[in-house]
Amino acid sequence: MPVQIPDDSDFSSFKEQCESQDGWVSRYNKGGVTVWCREEESRAVQKLKMRIVCKDVRAETLYDVLHDTSYRKKWDTNMIDTYDIGRLTVNADVGYYSWKCPSPLKNRDFVTMRSWLPLGNDFLIINYSVKHPQYPPKKDYVRAVSLLTGYLIQSNGATCCTLYYLTQVDPKGSLPKWVVNRVSQFVAPKAMRKIYKASQKYPEWKRKHNPNLKPWMFPEQNTLPCISAADLTVQRADSLENIDESSLREEKTQHSDDEET
């Protein structure tokens, strides 16, 4: 399948999913963070949605934090590596991301096409997995598939905003039930709080690290090589190897770090 760069209707559809309550079941609601799940036809591609109100963070700041890969290396402790591969348009690029899975599962990685759109008081970033000929699956990782993942940031005034995170990922493997439960109860809420805390610290950090460099806002600053959408194809889950990790037991020593409230 050829790669399609999202248009206005794709962004509108994503926003509607973030705001809708139909079909979503609340799994967690504590400390300002809400997590919902939505069962799809295949259990492997369950949708997860999160929301947090950031009472002292500007929407523009949060938007910068989610774009700034240099800063992400400071706060995203689940990340192993991330880098931009190339740009498609002024508001679309291709990048790589790998992250640590709860032990003893294998770590996962993605190659995704990402697109973004500031729209009045809303800021949107969405991605889905693509195949790039120079970035095939790696030996030590399971190449997972993002069917649709993204953020919606809504400004609630000069110094307050709401962040939604919606993700539908095929992890390419049969996962044990404890993983699914742990993601909604521990990993997802903690990730949202980390983004919030990172956003509070970002203005001070950015003042000391290329304060005027924001290629996601100023395309003329983008030095990534140009790539053509014709060189990419949509990453289909059925073309990747499945692994069965359903019998793996949770390693309790990993748990305390994620039980943050």
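Taking this note's numbering, the leading residue of the sequence shown gets 4, the next gets one more, and so forth.
Glycine is no exception: its CB is placed at the ideal position from the N, C-alpha and C atoms.
Nothing here was measured: the structure is a model prediction, and the numbers come from that model.
Coil, strand or helix - residue i by DSSP
i	result
Pro-222	helix
Asp-261	Bear in mind that a pLDDT of 40 at Asp-261, under 50, signals an unreliable position, so the number given afterwards is only what the model happens to contain. Looking at Asp-261 - three-state DSSP - the assignment turns out to be helix.
Cys-21	helix
Pro-206	helix
Val-182	helix
Lys-142	coil
Met-195	helix
Lys-77	helix
Leu-108	coil
Cys-242	It is worth fixing the name first, because residue 242 is Ser in this sequence and not Cys. Three-state DSSP puts Ser-242 in a helix.
Lys-33	strand
Leu-69	helix
Lys-297	This structure leaves residue 297 out entirely; the chain is present only between 4 and 264.
Beta-carbon proximity check, residue i vs residue j, cutoff 8 Å
i	j	result
Val-133	Val-97	yes
Met-220	Ile-55	no
Gly-176	Glu-248	yes
Thr-2	Met-4	Since the first and last residues shown for the chain are 4 and 264, residue 2 lies out of range.
Trp-102	Asn-110	yes
Val-38	Ser-187	yes
Cβ-based burial, residue i [other Cβ within 10 Å; buried from 16]
i	result
Gln-257	Low confidence applies to Gln-257: its pLDDT is 46, below 50, so where it sits in the model is not reliable, and the reading given next is rough at best. Exposed: under 16 other Cβ atoms inside 10 Å.
Asn-184	exposed
Leu-122	exposed
Arg-117	buried
Ser-15	exposed
Gln-7	exposed
Thr-226	exposed
Asn-130	buried
One or two residues paired with residue i in a DSSP bridge
i	result
Pro-136	In DSSP, Pro-136 forms no bridge with anything.
Met-82	Trp-102
Met-116	Val-97 and Tyr-131
Pro-5	Thr-236
Gly-153	Ile-129 and Leu-169
Ile-55	Val-36 and Leu-166
Pro-121	Phe-126
Thr-92	Ala-95
Inset, instruction - Please confirm if the stretch 61-74 is in contact with the stretch 20-39, defined as three or more CB-CB distances below 8 Å between the two stretches. - result: Under the 8 Å Cβ criterion, the stretch 61-74 does not count as touching the stretch 20-39, having fewer than three qualifying pairs.
Inset, instruction - Could you tell me whether the stretch 157-170 touches the stretch 14-24, where touching means 3 or more Cβ pairs closer than 8 Å? - result: Judged by pairs of C-beta atoms under 8 Å, the stretch 157-170 touches the stretch 14-24, as three or more such pairs exist.
Inset, instruction - Take every Cβ of the stretch 81-100, pair it with every Cβ of the stretch 199-208, and state whether three or more of those distances are shorter than 8 Å. - result: No: fewer than three Cβ pairs fall under 8 Å.
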